[in-house]
Amino acid sequence: MKFSFKNLVFFLIIIGFAAIIINLFTGFIPLQFSDFFLTNSSNFDIAQLRVNRVLIMLLAGISIPTSGFLLQEYFQNPLAGPSVLGISSVASLSVAFYIFFSQNLVLPEFLQNSFLSITAIAGSFVLMLVLLLFSEKFQDKSFIIIFGFLISALAGAIVSILQFYAENQSLKNYVLWSFGANNQVSLGQITVLSVLILVGLFLSFKCLKPLIGNSLGTSYAQSFGVNLKHLKYLIILASSLLSASVTAFLGPILFIGIVVPHFARLLYNPSKLWHQWILNMILGICIMEVFSVVSELSKLPLNIITSLFGIPVILLMLIGKNKFTNA
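Just add 4 to wherever you are in the sequence shown, counting from 1, and you've got our numbering.
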């Protein structure tokens with residue numbers, strides 16, 4: 005069922021706002037509205053942690069679906085996404101190297117909040133560059149998906165080896181990070197993440213017009229004036245920034261980058277990429293804020309919640325697509 009774009013956006017904004025309010029007041033300690041503004045309140049520090057939790061979920065809801073949307077449109081593959089193509093796994097591997105081997109590393113103060121993100125982005129950028137180099141040599145884009153799966157498995161194996169030999173404190177830090185500890189992100193880290201995501205969103209916006217031409221075929225795109233090589237590098241940088249920066253601070257958030265773009269296409273015309281770009285961000289915010297509430301109430305890590313949601317949804321989409329194809 006399709007809705008008018010304005011009505012759909014208005015409806016989703018209301019849902020997102022309601023989810024944010026619920027998220028602010030969900031937790032072990034009950035809060036009053038005044039706790040968020042009165043610095044002398046005994047619960048002011050807890051209120052600030054809740055605000056940070058809401059902000060990090062908002063940023064994750066914007067960035068991860070947008071990254072998945074860009075990759076799906078570029079590869080023309082419904083299963084393309086930062087987790088499936090190995091971007092999240094390689095970002096996790098980069099973070100693992102940083103956590104396990106940086107005990108004696110002395111960094112300038114201005115780099116302390118951002119170096120983790122720089123490490124994750126660098127790892128995912130290298131992977132995306134390799135993927136796109138392979139895409140030029142192999143015309144079958146399904147090969148890229150398979151290659152991403154293999155890289156993801158390899159990264160997971162290396163992380164397991166690092167965990168096996170890691171010291172107790174480093175292992176604990178990595179496990180807590182990998183669980184998606186959304187209550188442990190500081191305001192300084194959120195500021196760094198906001199800047200990275202704004203840059204990624206700007207680059208993703210620059211991708212939209214070339215992607216419209218690319219979706220109509222290579223010949224048309226070139227006649228339309230699209231620089232396909234330039235588009236590739238824009239996709240690399242935008243998707244890496246958007247997914248790896250969130251992974252660095254929040255851990256690997258699985259399946260959201262695949263599922264949300266599909267929901268957006270179900271709700272509105274999939275050929276209108278400008279509208280889809282906006283819908284992915286708003287819908288992503290709604291879903292991530294709701295998941296944050298579920299995680300807080302159930303006491304389960306965030307990435308477990310996203311996996312429990314994402315896996316059956318993807319299976320249902322594949323079954324539905326198979327039935328439609330065989331009909």
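By construction, the Cβ of each residue, glycine as well, lies at the ideal position given by its N, Cα and C atoms.
Measuring C-alpha to C-alpha distances from Leu136 to each of Ser156, Leu75, Ser71 and Ile282 identifies Leu75 as the nearest. Going by DSSP, Leu75 is part of the alpha helix (DSSP H) stretching over Phe48 to Phe79. Contact between the segment 288 to 298 and the segment 251 to 265 is present, with at least three C-beta pairs closer than 8 Å. By the C-beta density criterion, Leu232 is exposed, having fewer than 16 other C-beta atoms within 10 angstroms. Here Phe153 has Val88 and Gly90 as same chain residues with Cβ atoms under 8 Å from its own Cβ, once five neighbours each way along the sequence are excluded. If you draw a 10 Å sphere on the C-beta of Phe129, you find 16 or more other C-beta atoms in it, and that means buried. Non-local C-beta neighbours of Phe29 in its own chain, meaning closer than 7 Å and more than five positions away in sequence, comprise Leu35, ordered along the chain.
For Lys176 and Ala170, the gap between their C-alpha atoms comes out near 9 Å.
From the listed residues Phe7, Leu306 and Pro214, the smallest Cα separation to Ser227 is found for Pro214.
A Cβ-Cβ separation of about 6 Å places Ile125 in contact with Ser244 under the 8 Å criterion. The beta-carbon separation of Gln193 and Phe253, rounded to 5 Å, stays under the 8 Å limit for a contact. In terms of Cβ geometry, Tyr272 and Phe9 form a close pair [threshold 8 Å]. The beta carbon of Glu77 lies closer than 6 Å to those of Leu215 in the same chain, with the five residues before and after it left out.
The residue from Ser190, Ser219, Leu235 and Val199 with its alpha-carbon nearest to that of Ser208 is Leu235. In the same chain as His279, and ignoring 5 residues on each side of it, the C-beta atoms closer than 8 Å to its own belong to Phe9, Tyr272 and Asn273, in chain order.
With respect to the 8 Å criterion, Ile286 and Gly20 are classified as neighbours on the basis of their beta carbons.
The Cβ atoms of Gly65 and Ile289 lie closer than 8 Å to each other. For Val263 and Ser45, the gap between their C-alpha atoms comes out near 41 Å.
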